[in-house]
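Using the UniProt record's numbering, you'd call the opening residue of the sequence shown number 5 and step up by one each time. Comments concern the structure below.
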Amino acid sequence: GQKVVLITGCSSGIGLRMAVMLAKDEKKRYHVIATMRDLKRKDKLVEAAGDAYEKTLSLAVLDVCSDDSVKQCINGIKDRHVDVLINNAGIGLVGPVESIPIEEMKKVFETNFFGVIRMIKEVMPDMKKRRGGHIIVVSSVMGLQGVVFNDVYAASKFAMEGFCESLAVQLLKFNVTLSMIEPGPVRTEFEAKMIQDVKQKDCPGADPDTVHYFKNIYLPSAVDIFEAFGQSPDDIARCTKKVIEASRPRFRNLTNPMYSPIVALKYADETGGLSVHAFYHMLFNMGSLMHVCVTAMKYLTCGCLRTRTISPN
Ligand code: NAD
């Protein structure tokens, strides 16, 4: 029969494209329950789903930050049966730490960390009982490597990586699979909007030098990096479909080959010096991104290190 796939955060971006791609599977192997906080935002998804809407794709309300909402949604599913849970909902946060209230930081953890855990707690017990199921977490390259001015976002994704790395071992005993998807930059409207918002903020509490590094050095280079190396939400959806369909899905799945050298830096030098200095040069000595990649490639090709990505093609 069809596999039931539940996805969080489907009103936009990666979640929307995942829902559409799985619902349009040629062999109709999936029934997608595409969830979002507010069904008023369903139009883009419904339009993109076309004929699949109300056939292989249905909608449901779900706010990952609310116990009641999560319970209600899962209780509304026939036999509470979910074969594949895709934890996609997440929020970003950039800026100097000095200028971000703790309350705002907590919101990031509420969504990116506790939101995922809330979903897993609700769905995992049934999967364990059935001795089957697949839990997918959309993490990030920033779940493996910190990035300047993304301190809190990276921390929330690191937290998720640590949680899942621990849980995966136990789940293996129950024949439940756990997979992380680790995209680099993805060109969603969200990113453009965040950069626009940031330009208008004046970073209260941060000193002028820090604000200068953030706005005039980090932001423009972040924009360049998105343009040069960004993948599309469809690329991430294709990678995720591959992971779902793999006979033995990997635990970690970097989607962007440009980023595997960066992640490899930290494994090439366990003191952390190489990563920290590489990022320092990337930020403050413009144009040296290529230098960093070349350095990393040297480590990779010396044979002691190998990283693999999952290709969207
Ligand atoms: P997006 O903003 O388009 O999608 C995130 C979705 O999550 C939105 O639809 C939003 O409404 C939803 N959401 C937020 N809070 C929620 C809540 N409490 N309950 C339910 N839904 C909620 O951005 P995206 O790029 O598609 O992000 C999807 C995932 O991919 C996130 O986990 C993000 O961290 C991750 N990611 C994004 C990038 C990137 O560059 N865009 C890179 C790596 C990882």
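From the three backbone atoms N, C-alpha and C, an ideal C-beta is built for every residue, glycine too.
Near residue i, which residues of its chain fall below 6 Å by C-beta distance, leaving aside the five closest residues on each side in sequence?
i	result
Leu97	Val112, Val156, Tyr157
Tyr263	Val145, Gly188
Met128	none
How far does the beta strand (DSSP E) with residue i in it extend, from its first residue to its last?
i	result
Met184	180-186
Gly99	Note, Gly99: premise wrong, no beta strand (DSSP E); not H, not E.
Ile90	88-91
Ala38	34-40
Lys7	7-11
Arg256	256-258
Expressed to the nearest angstrom, what Euclidean distance is found between the alpha-carbon atoms of residue i and residue j?
i	j	result
Phe194	Pro224	16 Å
Val65	His138	21 Å
Gly94	Gly13	8 Å
Ala23	Leu61	8 Å
Ile106	Thr39	29 Å
Pro212	Val180	50 Å
Cys308	Cys77	Residue placement at Cys308 is flagged as unreliable, the pLDDT there being 49, under the threshold of 50; the coordinate-derived value follows with that caveat. Approximately 47 Å between the Cα atoms of the pair.
Val50	Val215	41 Å
Gly19	Ile240	9 Å
Val8	Ile90	11 Å
Ala163	Gly147	8 Å
Pro316	Lys28	17 Å
Gly277	Arg41	42 Å
Ala53	Ala196	24 Å
Glu274	Glu249	34 Å
Gly150	Lys82	41 Å
Met109	Asn116	11 Å
Pro261	Ser236	14 Å
Can you tell me where the alpha helix (DSSP H) with residue i in it begins and where it stops?
i	result
Arg21	17-27
Thr244	237-249
Asp273	Element bounds for Asp273: n/a, residue is neither H nor E.
Beta-carbon within less than 8 Å of residue i's beta-carbon, same chain only, minus the 5 sequence neighbours each way: which residues are those?
i	result
Ser16	Arg45, Lys48, Thr192, Glu193, Phe194
Gln6	Lys32, Arg33, Tyr34, His35, Thr60
Lys132	Leu175, Phe178, Val180
Leu43	Leu63, Val65
Lys203	Lys219, Leu223
Ile185	Ile140, Val141, Val142, Ser143, Ile240, Cys243, Thr244, Val247, Asn257, Thr259
Can a CB atom of chain D be found closer than 8 Å to the CB of residue i?
i	result
Val215	Of the protein chains in the structure, only one exists, and it is not chain D.
CB-CB under 7 Å to residue i, same chain, minus the five flanking residues each way: which ones, in chain order?
i	result
Glu114	Cys69
Lys245	Met25, Leu26
Gly209	Glu102, Ser103
Arg122	Val68, Asp71, Val74
Glu231	none
Gly234	Pro189, Val190, Arg191
Practice item. Taking only runs that begin and end inside the region 52-85, name each unbroken beta strand (DSSP E) of 3 or more residues, in chain order. Key: 61-65
Exercise for review: Could you tell me which uninterrupted alpha helix (DSSP H) segments, each at least 4 residues in length, are contained entirely in the region 190-232, listed from first to last along the chain?
Suggested key: 193-204, 212-216
Exercise for review: Could you tell me which uninterrupted beta strand (DSSP E) segments, each at least 3 residues in length, are contained entirely in the region 123-149, listed from first to last along the chain?
Suggested key: 137-142
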